[in-house]
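Trainee: Take a look at this one; I'll ask things after.
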Amino acid sequence: QGGKPCQAKTGLKVAHRVFISSLIVLLRSLKWVIILFILLGLAGTGAVIGYVSALVKDEPIRDRNTILTKMNENTETSFMYFQDGTLMGQLRSEVDRRMMALEDMPDHLIDAVLAIEDDDFYDHVGIDVNGLMRAVKERLMNEVTQTGGSTITQQV
């Protein structure tokens, strides 16, 4: 019986060493996973910054007056309300435009827009292949009159 306590202590030491070794491996792995995520985050941020830079590289830098002029050009009337919902006032544009729900528009207005913009609106699935091919041909041939090839669905 004298050998059993010694074996138990040895077993505990081995288990302790295995636990510590496993913990060290786990912490090292976790460190590399964190480093990998940081590097991927930095690479993603760099890619987004590069993409946005490519989009705006040809945009002119506007002066303060141009920006203020654009800010004050209202395309439709803006309404301001008090906190309780009552109308405080309006900021009108040169033309009094207001948003309108599709249900409130007369059918003949919808028909007129479709006749001009997308005559085959009810006949295609959102893409007018013939119109696209025609527009590509006109563009490649550098024709004087170029028609659009997109449908209302593609524009929205």
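In terms of full-length UniProt numbering, the sequence shown opens at residue 1 and continues consecutively. In this text, a Cβ means the ideal position worked out from N, Cα and C, and glycines have one as well. Keep in mind it's a predicted model, so treat the numbers as computed, not measured.
How many angstroms separate the CA atom of residue 29 from the CA atom of residue 35?
Mentor: Walking along the sequence shown from the start, residue 29 turns up at place 29. Walking along the sequence shown from the start, residue 35 turns up at place 35. Between residue 29 and residue 35, the C-alpha separation is close to 10 Å.
Trainee: With DSSP run on the structure shown, which of helix, strand or coil describes residue 90?
Mentor: Reading the sequence shown from its first residue, position 90 is the one you call residue 90. Strand.
Trainee: Between the beta-carbon of residue 98 and the beta-carbon of residue 75, is there less than 8 Å?
Mentor: One-based indexing of the sequence shown puts residue 98 at position 98. One-based indexing of the sequence shown puts residue 75 at position 75. No, the pair does not count as a contact, with Cβ atoms beyond the cut-off.
Trainee: Our contact map puts residue 149 next to residue 119 with C-beta atoms below 8 Å; I'd like the distance itself, whole angstroms only.
Mentor: Translated into the one-based positions of the sequence shown, residue 149 becomes position 149. Translated into the one-based positions of the sequence shown, residue 119 becomes position 119. About 13 Å; that fails the 8 Å criterion.
Trainee: Which partner residues of residue 81 appear in the DSSP bridge assignment?
Mentor: In the sequence shown, counting from the first residue as 1, residue 81 sits at position 81. DSSP, once it has assigned bridges, lists 87 as partnering residue 81.
Trainee: Does the structure place the region 125-141 close enough to the region 110-117 that three or more beta carbon pairs sit under 8 Å?
Mentor: No: fewer than three Cβ pairs fall under 8 Å.
Trainee: For residue 147, which option in 123, 121, 65, 116 has the closest C-alpha, if you only look at C-alpha atoms?
Mentor: Along the sequence shown, read from residue 1 onward, the residue named residue 147 stands at position 147. Here the closest residue by C-alpha is 116.
Trainee: Does residue 50 pass the burial test, meaning 16 or more other C-beta atoms within 10 Å, or should it be called exposed?
Mentor: For the purposes of this step, residue 50 is taken as residue 50 along the sequence shown, with counting starting at 1. Residue 50 should be labelled exposed.
Trainee: Please look up how many angstroms separate the CB atoms of residue 69 and residue 93, rounded, as I've assumed it's under 8 Å.
Mentor: Locating residue 69 in the sequence shown gives position 69, where the first residue counts as 1. Locating residue 93 in the sequence shown gives position 93, where the first residue counts as 1. Residue 69 to residue 93, Cβ: 13 Å. No contact.
Trainee: Would you call the CB atoms of residue 90 and residue 82 closer than 8 Å?
Mentor: Taking the first residue of the sequence shown as 1, we reach residue 90 at position 90. Taking the first residue of the sequence shown as 1, we reach residue 82 at position 82. Not a contact, by the Cβ cut-off of 8 Å.
Trainee: When the Cα of residue 155 is compared with those of 121, 136, 133, 137, which residue comes out closest?
Mentor: The sequence position of residue 155 within the sequence shown is 155, counting from 1. Nearest option by C-alpha distance: 121.
Trainee: Out of 123, 139, 140, 142, point me to the one whose CA is closest to residue 153's CA.
Mentor: Within the sequence shown, residue 153 is the residue found at index 153, counting from 1. Looking at the Cα atoms, 123 is the closest of the given residues.
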